[in-house]
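Everything in the sequence shown is counted per my numbering, starting at 633 for the first residue and increasing by one. Here a beta-carbon is modelled for each residue, glycine too, at the ideal position from N, C-alpha and C. Given the structure is predicted, the values throughout are model-derived calculations rather than measurements.
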Amino acid sequence: MQVPAAFEYAKATSVDQTLELLAQWGEDARVIAGGHSLIPMMKLRLARPTALIDINDVTELSYIRVEGAELRIGALTRHAELLASPLVEEHYRIFADAEKVIADPLVRNRGTVGGSLCQADPAEDLSAAFAAVDASVVIQGARGSRTVKLTEFHVGPYETVVEPGELLTEIRVPIRPGGGSAYLKVERRVGDWAVAAAGAAVWLDGGTIKQVGIGLAAVGAEHFRASEAEASLVGKPATDESFAEAGRIAAENANPVADQRGPVDYKRHLAGELTTRALRAAAARARGQEA
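This is the structure in structure tokens:
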């Protein structure tokens, strides 16, 4: 039988109360909402928090809205809510693409956007999707809040810049006209972690690529981003040849590891092919040519 080590438990109803409890119980306390990653790790005793702070009733962190030129998503927003949101569908199709291939309805109904980002799993789909659209996150602590670019948020596998006593509260995505986005994934079975995945966001000026973002999951991309491939596309024509070259660069700069999901060469090949296809789909959506 897999049984977690003993821990304290409290239920918070506000961000302020959550921060107070984090300060009270110290750096070994953990926040829990969906718990789909934390609870299994606790059962295996890979994680042994001294206390769990349940934030499911912190409703102030559950929202999707537009403020100014940003799409703002509360950290407690469920995967299913992100998938169903008309605002998300209107501005960034990449998130609906990604959410459709994350786990199963049971996980999507309970799991949260903030929890996925904070888990920092190298194969996490939303981390790659948010990286592609140049998102930022808001982190709140006792001394106030700070905003961090997603490219600086993940510092390694299962590691983020969130310090003890701090809480991720919001994700912010800039809204820019003339863009399209898409996400593609190869998995061993439906709902599994990615063998490899790629997301792309493309903004066009006529037939020229004005701005582009490429996110990669499960292939060892630094900060989930294919920066070299992005740089190769700016100012280039939005053609299959340009996208194929970017895919080649993304594959060349990927750093996958062999595991039960596949060998290195196969994952590198997927990184290139999925990047090319995601770019093609994102550009088609930017032109209004793909439903």
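Check, Outcome
"Are the segment 782 to 796 and the segment 709 to 726 touching, with three or more C-beta to C-beta distances below 8 Å?", "no"
"Can the beta-carbon of A828 be found closer than 8 Å to that of A910?", "no"
"Is W657 helix, strand or coil when you go by DSSP?", "helix"
"Could you say if the segment 655 to 663 and the segment 672 to 691 meet the contact criterion of at least three C-beta pairs nearer than 8 Å?", "yes"
"Classify K899: buried if its beta carbon has 16 or more other beta carbons within 10 angstroms, exposed otherwise.", "buried"
"Output the residue ranges of the alpha helix (DSSP H) runs that lie fully inside the segment 803 to 875 and measure 4 residues or longer, sorted by chain position.", "859 to 865"
"What three-state label does DSSP hand Q892 in the structure shown?", "coil"
"Where I807 and A861 are concerned, what is the direct C-alpha to C-alpha distance, given to the nearest angstrom?", "22 Å"
"From the DSSP output, read off the bridge partner residues of Q772.", "S777 and L799"
"Determine the closest residue to G847 out of D648, Y815, A890 and V635, with distance taken between C-alpha atoms.", "Y815"
"Considering only the alpha carbon of each residue, which of G776, W835 and R697 lies closest to V764?", "One point to set straight first is that residue 764 is Ala, not Val, in the sequence displayed. Residue W835 is the option with its Cα nearest to A764."
"What is the C-beta distance between G839 and A918, in whole angstroms, given that I count them as a contact (C-beta under 8 Å)?", "That pair is no contact at about 11 Å."
"Check V698 in the structure and name its three-state DSSP category.", "strand"
"Give me the Cα-Cα distance between L678 and D766, rounded to the nearest whole angstrom.", "32 Å"
"How about the segment 886 to 894 and the segment 851 to 860: do they share at least three Cβ pairs that are nearer than 8 Å?", "yes"
"Would you kindly check if the distance between the Cβ of S717 and the Cβ of I734 is under 8 Å?", "no"
"Can you check DSSP and say which residues form a bridge with T640?", "According to the sequence displayed, residue 640 carries Glu and not Thr. Note: E640 sits in a beta bridge opposite A683."
"Quick one: what's got a C-beta closer than 8 Å to P737's C-beta in the same chain, skipping five residues either side?", "A712"
"Going straight from the alpha carbon of I771 to that of S777, what length do you get?", "5 Å"
"Between K817 and the ligand SAM, is the CB less than 7 Å from at least one heavy atom?", "Ligands displayed in this structure: none; no statement on the ligand SAM is therefore possible."
"Which stretch, first to last residue, makes up the alpha helix (DSSP H) that contains H723?", "P718 to H723"
"Based on Cα-Cα distance, which residue from A870, V896 and V818 lies nearest to K842?", "A870"
"Per DSSP, what are the beta-bridge partners of V703 in this structure?", "Checking the sequence, you will find Leu at residue 703 rather than Val. In the DSSP output, where bridge partners are listed per residue, L703 has V698 and V805."
"When DSSP builds the beta bridges, which residues end up paired with R710?", "T744"
"Report yes if the C-beta distance between L651 and L799 is below 8 Å; otherwise report no.", "yes"
"Using 8 Å for Cβ pairs, my map puts Y790 next to A752. What's the rounded Cβ distance?", "5 Å"
"Tell me whether the beta-carbon of L758 lies closer than 8 Å to the beta-carbon of S768.", "no"
"Does the beta-carbon distance from F875 to R820 come in below 8 Å?", "no"
"Exposed or buried, which one is Y641 when buried takes at least 16 other CB atoms within 10 Å?", "exposed"
"Can A849 and A760 be called in contact, C-beta distance under 8 Å?", "yes"
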